[in-house]
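Peer 1: Each residue of the sequence shown is one higher than the last, beginning at 1 in the UniProt record's numbering.
Cβ atoms here follow ideal geometry from the backbone N, Cα and C, with glycine treated the same way.
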Amino acid sequence: MFTSKIFSIVYNIFKQRHTRHSLQQMISIYTPVCVSNGVIHLSGGGGWTVFQRRRDGSVSFNRRWSEYRDGFGEPHGEHWLGNQHLHQLSNQGQYSLRIHLQDWSHAHKHALYSTFRISDEDDHYRLHVSGFSGSVQDSFSWYHDQHVFSTPDTGHICAEISHAGWWFHQCFYANLNGVYYKVGVASTQTVKVMRNLWHRQDLKMSIYNSMVPVLIPNVLHWLF
1 MFTSKIFSIV
11 YNIFKQRHTR
21 HSLQQMISIY
31 TPVCVSNGVI
41 HLSGGGGWTV
51 FQRRRDGSVS
61 FNRRWSEYRD
71 GFGEPHGEHW
81 LGNQHLHQLS
91 NQGQYSLRIH
101 LQDWSHAHKH
111 ALYSTFRISD
121 EDDHYRLHVS
131 GFSGSVQDSF
141 SWYHDQHVFS
151 TPDTGHICAE
161 ISHAGWWFHQ
171 CFYANLNGVY
181 YKVGVASTQT
191 VKVMRNLWHR
201 QDLKMSIYNS
211 MVPVLIPNVL
221 HWLF
């Protein structure tokens, strides 16, 4: 399980031409203790922190509000970083979001959003995401932007049906936290990725592998 800890990350503010000079700024963020076991990389274009990973169905995403808030799973396996950690991280600067998807034929696609952050717990970790580009159709920002996070124990019918926490909106066009089906096509709505995100609009797809990193501009890169 993830546990919380406040610690300081010293990071490099790149100059105009992205050359590396002296360390210029220190920030404090909430992040899981076990993430500190990861490998840190500096990148001229910024670093990526993975806050969600699905790859084998070994971790249930049918979790309570408190578990989605604090995080669960293991950083080298399936996990959710935690909404509180994600809020703290995404509100300290300009952040981007990239979604990596792999289907059961091992084809890869991605969605990139130039702006991403979530609000605090008082605002139910409301989603703010925009600026789409990528190799799939946008089923995330246009439908889920500005909606609050819900979990099955909060009484939200879509969360109960999906057995997962997500930014639901009647109920979803994209949901990466739903039931992990070990087949390519699911027969119910409790799928990870729904129509419009992959292949045909009328086909409900279950994705084999997903990874959702958030870009930290010009800072340390946590490699999971």
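Run the CB neighbour count on residue 107, radius 10 Å, all protein chains shown included, and call it buried at 16 or more, exposed below.
Peer 2: exposed
Peer 1: How is the alpha helix (DSSP H) around residue 86 delimited, first residue to last?
Peer 2: 83-90
Peer 1: Looking at C-beta atoms only, is the number of pairs between the stretch 169-185 and the stretch 93-112 that lie closer than 8 Å three or more?
Peer 2: yes
Peer 1: Going by the CB atoms, is the gap between residue 85 and residue 116 shorter than 9 Å?
Peer 2: no
Peer 1: Helix, strand or coil, according to DSSP, for residue 154 in the structure here?
Peer 2: helix
Peer 1: Is DSSP giving residue 226 helix, strand or coil here?
Peer 2: Nothing about residue 226 can be read from this structure; the chain reaches only from 1 to 224.
Peer 1: Excluding the 5 residues preceding and the 5 following residue 130 in the sequence, name in chain order all residues of the same chain whose CB lies nearer than 6 Å to its CB.
Peer 2: Excluding residues within five positions, the ones whose Cβ falls inside 6 Å are 115 and 141.
Peer 1: Quickly, what does DSSP pair residue 94 with across the bridge? List them, please.
Peer 2: Residue 94 pairs with nothing; no bridge assigned.
Peer 1: Taking its Cβ as the centre, do 16 or more other Cβ atoms sit within 10 Å of residue 67, making it buried, or is it exposed?
Peer 2: buried
Peer 1: Comparing the CB of residue 60 with every heavy atom of the ligand SAH, is any distance shorter than 8 Å?
Peer 2: Annotation note on the ligand SAH: not contained in the displayed structure, which lists no ligands.
Peer 1: Between residue 147 and residue 169, how many whole angstroms is the CB-CB distance? I'm expecting something under 8 Å.
Peer 2: 5 Å
Peer 1: CA-CA distance, residue 133 and residue 111?
Peer 2: 6 Å
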